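One line per chain: the protein sequences are A and S, in this order.
The first sequence runs 1 to 240 under the working numbering.
The second sequence runs 241 to 480 under the working numbering.
The C-beta atom is built at its ideal place from N, Cα and C for all residues, glycine as well.
Since we're looking at a predicted model, the values are computed, not measured.
See below for the structure under consideration.
There are 2 protein chains.
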Amino acid sequence: MKHTSVVEDYLKAIWGLQQIERPVATSRIAERLDLTAAAVTAMIKRLADQKLVRHEPYRGVILTPAGELSALRIIRRHRVLELFLTETLGYEWDRVHDEAERLEHAASDELIERLARLLGEPERDPHGSLIPTAEGTVDREKLPALPDLPVDAPAAVVEVRVQSPDRLRYLGSLDLFPGAEVMVREQAPFGGPLSVEVNGAARVLARELAEQILVRPASRDEPSGDASPAEDAPGKAGAA
Amino acid sequence: MKHTSVVEDYLKAIWGLQQIERPVATSRIAERLDLTAAAVTAMIKRLADQKLVRHEPYRGVILTPAGELSALRIIRRHRVLELFLTETLGYEWDRVHDEAERLEHAASDELIERLARLLGEPERDPHGSLIPTAEGTVDREKLPALPDLPVDAPAAVVEVRVQSPDRLRYLGSLDLFPGAEVMVREQAPFGGPLSVEVNGAARVLARELAEQILVRPASRDEPSGDASPAEDAPGKAGAA
DNA sequence: TTCAAGGTTTAAGGTAGTCTAAAAATCTCC
DNA sequence: GGAGATTTTTAGACTACCTTAAACCTTGAA
């Protein structure tokens, strides 16, 4: 039940990669954790011994139910901490990841639950990602990305699936936080950029970035983006 | 400048022991960290290589200025975190130590400074211990302990030098938090217990514990214990 | 003044994690 | 259905810790 912080990092990485492809290749894990494939192979053995993953040599790994549960608990920690950092301490949304990355291994369950209480039992982190429950469950949601939206259809940003601080900072400068109201005005052909209205202001956005912005289309009869649980824009709280 | 968390633990332990005797014996460190003396000797070599301690074989170690600075920064982290846990998250004062012990190695300087700001740049932790500044300085203060007080002289509790959760819980049940107003009524001879008035209520306290309670005698002309910077009693915030 | 007790250091071995380099398996493509 | 490229695993070595057991100082008391 209690793992080293390195083991926690592996589980988290594997969980994330598993959302993309199952089973997960050794080299994917190595890339994500910035380690050699040899190190990953060695660790996978240990994880398999602890019944956290199942490993088919040369084929890849998948998390066991125990492994997945552990992963989700760590992800909960991470996301609660991120939200605490922005909401309570005024961190910018592009600077919370690394800090949370270290704290998540040191924080007790009790600390996390107290933080969650302080934050009002939040459902999403500052990037709009769903926070797993303390029991380790998350809803699988299937949201459209910005480029999937029909032209001129109003929607609200729900989640910004971007890690890189640079990109986050840039998106923040465009006001593209969870909760922002958006409308696609035009999509340039051949994978070109999108013209988007963000909270009423006209913006142009590279398609690559737009793909990472998940939205909830406004339902016809609602006045304006009120269907979204994410209500306020993080990352602009008290500047350092 | 950046050390492993094990190194940080050693520095903190040595700093604390150095307040009692200098140089610090290998076996004292081993006791405090619950390791074998052999492990300590090995680590001392590494610390000496990094110029964090000076070591005279068979005689003991003392921190170098660099080592002391590092130690004080870690102690600052620890104490700021402890205060955050009681003040903001409602932890009891007997349960903050272990949590802070883990977090102190993961928290960035920035996090600690933001917490300190949130807490109003506090001077003392929940036990009344002085928090070193961000620059790594602490005042050396020389306060009398409860048994040093003349009978019937009013004083205020400043610091409770107790680690053990059991004892802290017990002292808390007697209202002996920093800020409490106390008066020694009687001292039993031959190292016997003290009769003490705490916030007006009569208590009896083992001498061993009383020795660890540091107080500031009320100055004659003040109405009541207002000279103390520690103003409110921690540890009684929202019960779990 | 020696010598035993007790604390300290060395020596040897273990775990968790990393790396490089080489061997083995799988995939790709003609 | 191979040859060659690619990916994965093994092998051997390194760091930072820890342990136990033996060797080594220091000291204090007869």
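Next on the checklist: Tell me the DSSP secondary structure of valine 61 of chain A in three-state form.
Outcome noted: strand
Checklist entry - Straight-line CA distance for threonine 244 of chain S to alanine 218 of chain A? => result 50 Å
Next on the checklist: Using a Cβ-Cβ distance cut-off of 8 Å, determine whether histidine 3 of chain A contacts chain S.
Outcome noted: It does not; no Cβ of chain S falls within 8 Å.
Item to check | Those residues which DSSP pairs with glutamine 427 of chain S across a bridge | outcome: Looking at the DSSP output, glutamine 427 of chain S shares a beta bridge with S:Leu434.
Checklist entry - Do alanine 306 of chain S and lysine 285 of chain S have their CB atoms nearer than 8 Å? => result no
Next on the checklist: Is the beta carbon of methionine 43 of chain A closer than 8 Å to that of tyrosine 10 of chain A?
Outcome noted: yes
Checklist entry - According to the neighbour-count rule (16 or more other Cβ atoms, all chains shown, within 10 Å of its Cβ), is glutamate 471 of chain S buried or exposed? => result Unreliable placement is indicated for glutamate 471 of chain S, whose pLDDT of 45 sits below 50; the coordinate value is still reported in the next sentence. When all chains shown are included, glutamate 471 of chain S counts as exposed.
Checklist entry - Going along chain A in order, which residues have a C-beta closer than 8 Å to the C-beta of aspartate 261 of chain S? => result For the sequence presented, residue 261 of chain S should be read as glutamate rather than aspartate. Per Cβ cutoff of 8 Å: no residues; glutamate 261 of chain S is ~31 Å from chain A at best.
Checklist entry - Using CA coordinates, which residue listed in A:Ala188, A:Arg79, A:Val184 and A:Leu130 is at the minimum distance from valine 245 of chain A? => result Because chain A here runs from 1 to 240, residue 245 of chain A falls outside it and cannot be looked at.
Item to check | Where arginine 401 of chain S falls: helix, strand or coil (DSSP) | outcome: The answer is coil: DSSP assigns arginine 401 of chain S none of H, G, I, E or B.
Checklist entry - By the criterion of Cβ-Cβ separation under 7 Å, what are the contact partners of alanine 346 of chain S in chain A? => result Arg102, Leu103, His105 and Ala106
Checklist entry - How about glutamate 211 of chain A and proline 147 of chain A: are their beta carbons less than 8 Å apart? => result Yes, the Cβ-Cβ distance between glutamate 211 of chain A and proline 147 of chain A is below 8 Å.
Item to check | Reduced DSSP category for leucine 389 of chain S - H, G, I as helix; E, B as strand; rest coil | outcome: Three-state result, leucine 389 of chain S: coil.
Checklist entry - The beta strand (DSSP E) with leucine 454 of chain S in it runs from where to where? => result First-last of the beta strand (DSSP E) with leucine 454 of chain S: 453 to 457.
Next on the checklist: If I measure Cβ to Cβ from glycine 300 of chain S and keep anything under 6 Å in the same chain, skipping five residues before and after, which residues do I get?
Outcome noted: Pro263, Val264 and Ala265
Item to check | Helix, strand or coil at alanine 279 of chain S [DSSP, three-state] | outcome: The answer is helix: DSSP assigns alanine 279 of chain S an H, G or I state.
Checklist entry - In three-state DSSP terms, what is alanine 446 of chain S? => result coil
Checklist entry - Quick one: which chain A residues come within Cβ less than 8 Å of arginine 354 of chain S? => result Leu89, Gly90 and Tyr91
Checklist entry - Using a Cβ-Cβ distance under 8 Å, would glutamate 8 of chain A count as near chain S? => result Contact of glutamate 8 of chain A with chain S is not assigned, every C-beta pair being separated by 8 Å or more.
Checklist entry - Bridge partners of alanine 156 of chain A, per DSSP? => result By DSSP's assignment, alanine 156 of chain A forms a beta bridge with A:Glu181 and A:Arg216.
Item to check | Contact with chain S by valine 80 of chain A, beta-carbon distance below 8 Å | outcome: Chain S, which has no Cβ nearer than 8 Å to the Cβ of valine 80 of chain A, makes this no.
Checklist entry - Where does valine 293 of chain S fall in DSSP's three states? => result Valine 293 of chain S: strand per DSSP, three-state reduction.
Checklist entry - Does glutamate 451 of chain S come within less than 8 Å of chain A when only Cβ atoms are used? => result Not closer than 8 Å to any Cβ of chain A, the Cβ of glutamate 451 of chain S fails to qualify, so no.
Checklist entry - Closest Cβ-Cβ distance between glutamate 99 of chain A and chain S: below 8 Å? => result Glutamate 99 of chain A counts as touching chain S.
Next on the checklist: With a threshold of 8 Å between beta-carbons, can leucine 118 of chain A be considered close to chain S, or not?
Outcome noted: yes
Checklist entry - Which residues does DSSP pair with alanine 441 of chain S in a beta bridge? => result S:Val438
Next on the checklist: One question on the structure: do arginine 456 of chain S and proline 418 of chain S come within less than 8 Å of each other, judged by their Cβ atoms?
Outcome noted: no
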